[in-house]
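Protein chains in written order, with the working numbering: chain A, 691 to 802; chain B, 25 to 135. Just so it is clear, CB atoms sit at the ideal spot from N, CA and C, and this is done for glycine as well. Note that the coordinates shown come from a computational prediction; the quantities given were computed from them, not determined experimentally.
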């Protein structure tokens, strides 16, 4: 079956702009989680959505937000971009909590 | 706060030279431990899930084991294509449930 897809794969934005990233989970998966990966901090949890509701949230500022649609597809938005937001943003889907998560290829965001 | 520590940070092995990677954790209420493999510029690829101490899982040249405080990923007779960063992550049931990742072990297999 098809894996997790993320669009776009690469993005270049300027400080102060906002950006929206998209994630389509594996068919049948209702949980979608978002992570930020940087060389210095590794993989850090942003938030998790399940059945259109945010179920868990990591320690990121309110500029980072997300939502999930009825078909389980999810979007992540970052407003007022900062240089430090440059990272690989990964989306992962799973059947539910404590089940293995399957990751997409990520969106490489560069903020200049 | 949940903590996951992986060691070593980097490991270089000759092809065929077996070794083990370590993932130690300090968490409240472990529900599961996951191993992933990540190639440069790609998302992590799921390898194993371990749920209880004493559990073992195998896949080709990889074998994962779990104790109450740590997990090992044993690599037997590795090949160059096993070169990657190996990540472990823990899922806990205390407070805000989420997956906490270690910083990974970067494995290089030299032909």
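Counting along the chain, residue 737 of chain A sits inside the beta strand (DSSP E) bounded by residues 732-740. Membership of residue 758 of chain A in the beta strand (DSSP E) is indicated by the continuous run 754-758. Taking a 10 Å sphere around the C-beta of residue 738 of chain A, we find 16 or more other C-beta atoms and assign the residue as buried.
The Cβ atoms of residue 45 of chain B and residue 129 of chain B lie closer than 7 angstroms to each other. Following the DSSP letters along the chain, one finds residue 765 of chain A inside the beta strand (DSSP E) bounded by residues 764-768. Closest by C-alpha distance to residue 716 of chain A, out of A:775, A:710, A:790, is A:790. Counting every other CB atom within 10 Å of its CB across the protein chains shown gives residue 133 of chain B a total of 16 or more, marking it as buried. Under the DSSP definition of a beta bridge, residue 97 of chain B partners with B:45, B:88.
When C-beta distances to chain A are compared with 9 angstroms, the residues of the segment 85-115 of chain B below that value are 111, 113, 115, in chain order. Within the same chain, and ignoring the five residues on either side of residue 786 of chain A in sequence, the residues whose Cβ sits closer than 8 angstroms to its Cβ are 720, 721, 740. Using a Cβ-Cβ cut-off of 7 angstroms, residue 29 of chain B is close to nothing in chain A; its nearest Cβ partner there is about 12 angstroms away.
Listed by position along chain B, the residues whose Cβ is nearer than 7 angstroms to that of residue 780 of chain A are 67. Leaving aside the five residues that flank residue 79 of chain B on each side, the residues in its chain whose CB is nearer than 7 angstroms to its CB run, in chain order, 90. Sequence-distant Cβ neighbours of residue 712 of chain A in its own chain, meaning closer than 6 angstroms and more than five residues away, are 697, 765.
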